[in-house]
Amino acid sequence: MAENKKTRIAFIGSECYPFIKTGGLGDVMYALPRALTREGCEVRVILPYYRCIPDKFKNQTLYRGSFMMDLSRDGRTFYVGIMEMVMDGVIYDFIDNREFFDWGNPYTGLWEDIPKYCFFSKASLAVLNYLEWIPEIVHCHDWQAALVPVYLRTHFADTPVGRACSVLTIHNLRFQGICSIDHLKHWTGLPDGLFDYPLFKVSESDANMFKAGLAFADRITTVSSTYAQEIQTPAYGEWLDAHLRYHSYRLSGIVNGIDTDLWNPETDTLLAEPYSAETFLEKKIANKRALQQKLNLEPDDHKMVLGLISRLTDQKGLDLVNAIFPQLLDGNTQVVILGTGDPRYEASFRQFEADNKGVVCSYISYNETLAHLIYAGADALLVPSLFEPCGLTQLIAMRYGTVPIVRETGGLKDTVQPYRAEENSGNGFTFTEYRADGLLDAINDAKTLYFTDRWHWDEMVRRNMQKDVSWSKSALQYLDLYRGALAQARAEAEERAKEAARKAAEAAEAAREAAERAAMTADHANRSV
Ligand code: ADP
Ligand code: GLC
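Quick note: this note's numbering has the sequence shown finishing at residue 525, numbered continuously throughout.
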């Protein structure tokens, strides 16, 4: 793979495990750069130097330099510091600026986050120039980095980094960075002309950062093929479906993987007992016991434990869970919920726990350690999402031999094949319509198999634990995509060079003809004298 060795890729995004993570974006920003590094690429990850990054990581960073950068229309300049560390062959450059990154966890509210990520996007490109590390590809993630492709082709077009191709990945189209045109004009410092349709503008008064990024990026990707199709429809397009249909020739879906070293039940030190596809029959149970004990659930090997690990937002299908909760509890089932988010879900899940002590645990918090034990100790994991660009919890669950129960949408549809009794095939239980009775049927099917046909259940567990949910295939797909973008950019540059040469030749020819004509006229004039 000699060609890969030369490929330099800058990842630009707002979160990255283990420094800062609120959801799957953090996992991808950690795992994909590592997978690309294994393929021989040189990868740098650019992140904000948030105050909330734990000190144990901050203490490992080194100061690499700083400069002042203009940004807003009032002519102010802003400090850009670069703090750097290297972990497993990946270089992490954190952008330091206390005015923007001293608040939030890491997000604050859209009003403050918009200036924060305008600054971050512009500073990321300025940092690459400053470091004189010029990537072939800048791979930007979600709305927070969506201005990178815009700045790349405007402010930085004639600088070294301007030679790079940009890829913009949609992890979640729900969040777009929408605000008043005036607010964004002020903070981006970009020229007025860009704020007309069809770039930033979404209404007479509002502008949309994601929309502009999608228009400028050389390639648009999202995290599953199904979601790539879905977002081109009004039902899932979050008002950008027409824009995405217009740009669809540059849009494709590449399904996420998980880091199978980080998520490995054979070596996971956070488990009560590690296990593998060969040993889960004897050993997985120790994790169920530990989970029941830790969460004050009745100790009982024979109960079926249903887990749910999620941001608590309406995206995750929690209204369906609320609607069927009473029917879930049949004397043989326990439920464990780990999540934090929307207060109305936090309250309803707390209430379920209060009404069903020893049977339900609602752990309203963000807790990586407990997440590992739930993936290992539960029998099945619920992911009944309203929409799901990819979803990682079902992938981790499969790797840990915990059977996913999912709605067939986005990446859930692409990664979980429904169980087929007659063929003894599939990875989990699925339903299609966003309806509570669909979820209940799927859970009841899972219970029936679990309680009446454990042999086939265990076959599915083994199948899932052996399924390839790693990044290896998808990392190669990204490499192909990068190469395609670079080849196109090269072809276009050659075309432009040919065109320029043709025009220069034409101009030279015209000049020669003019000179000839002038000479003839002079000759004629001389002869007539
Ligand atoms: P999303 O990015 O939409 O939140 P994903 O399924 O892609 O959904 O990724 C969620 C990631 O966040 C997974 O790694 C999951 O384990 C983790 N996670 C979600 N909620 C919690 C929580 N409360 N505590 C620990 N980890 C969580
Ligand atoms: C988003 C999506 C999730 C996806 C994750 C990583 O947060 O909601 O489905 O897995 O990003 O791509």
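Virtual Cβ for every residue (Gly too), placed ideally from N, Cα, C.
query, result
"Between the CA atoms of Thr217 and Gly406 - distance to the nearest angstrom", "13 Å"
"Spatial distance of Thr398 from Leu377 (CA atoms)", "6 Å"
"Top-ranked residue by Cα proximity to Pro50, from Met25, Asp109, Asp98", "Asp98"
"Residue interval of the beta strand (DSSP E) (run including Tyr59)", "58 to 66"
"Contacting residues, own chain, Cβ-Cβ under 6 Å from Leu169 (five flanking each side not counted)", "Ile227, Glu234"
"Any beta strand (DSSP E) of 3 or more consecutive residues that is wholly inside the region 235 to 303", "247 to 249"
"Endpoints, the beta strand (DSSP E) within which Val356 is located", "356 to 360"
"Beta-carbon gap between Ala481 and Val219 smaller than 8 Å", "no"
"C-alpha distance - Val123 paired with Leu143, whole-angstrom precision", "15 Å"
"His182 Cβ short of 7 Å to the ligand GLC heavy atom set", "no"
"Of the listed residues Val301, Thr165, Ile254, nearest to Leu391 (C-alpha basis)", "Ile254"
"Limits of the unbroken beta strand (DSSP E) element including Ile87", "86 to 92"
"Ser306 beta carbon less than 8 Å from that of Thr389", "yes"
"Same chain only: Cβ atoms within 7 Å of Ser358, ignoring 5 sequence neighbours per side", "Ile333, Phe345, Arg346, Phe348, Glu349"
"Minimum C-alpha distance to Ile320 - residue among Ala432, Gly85, Arg47, Lys17", "Ala432"
"DSSP beta-bridge partners of Val332", "Gly303, Cys357"
"His182: first and last residue of the uninterrupted beta strand (DSSP E) it sits in", "From DSSP, His182 is part of no beta strand (DSSP E) but of the alpha helix (DSSP H) over 177 to 184."
"Completely contained alpha helix (DSSP H) runs for the region 445 to 513, where each covers 4 or more residues", "450 to 462"
"Test item: CB-CB of Pro102 and Pro44 under 8 Å", "yes"
"Cross-strand partners of Met25 (DSSP beta bridge)", "Per DSSP, none; premise fails for Met25."
"Residue span of the alpha helix (DSSP H) that contains Ala211, given as start and end", "205 to 212"
"Residue range of the alpha helix (DSSP H) that includes Val146", "143 to 149"
"With 16 other Cβ atoms within 10 Å as the buried cut-off, status of Glu(-1)", "Confidence at Glu(-1) is low in this model, with a pLDDT of 49, below 50, so its placement is unreliable and the value that follows should be read with caution. So Glu(-1) ends up on the exposed side."
"Closest Cα partner of Phe53 within the set Leu121, Gln140, Tyr88, Arg486", "Tyr88"
"Distance between beta carbons of Ser10 and Asp138, contact taken as under 8 Å", "7 Å"
"Cross-strand partners of Ile133 (DSSP beta bridge)", "Ile5, Cys161"
"Alpha-carbon to alpha-carbon, Asp23 and Tyr13", "6 Å"
"Range covered by the alpha helix (DSSP H) that runs through Val123", "106 to 127"
"Beta-carbon gap between Asn420 and Val412 smaller than 8 Å", "no"
"As assigned by DSSP and simplified to three states, the class of Val317", "helix"
"Whole-angstrom C-beta distance between Ile370 and Gly303, which should lie under 8 Å", "5 Å"
"Span of the beta strand (DSSP E) around Leu377", "376 to 379"
"C-beta contact flag for Ile130 and Tyr478 at 8 Å", "no"
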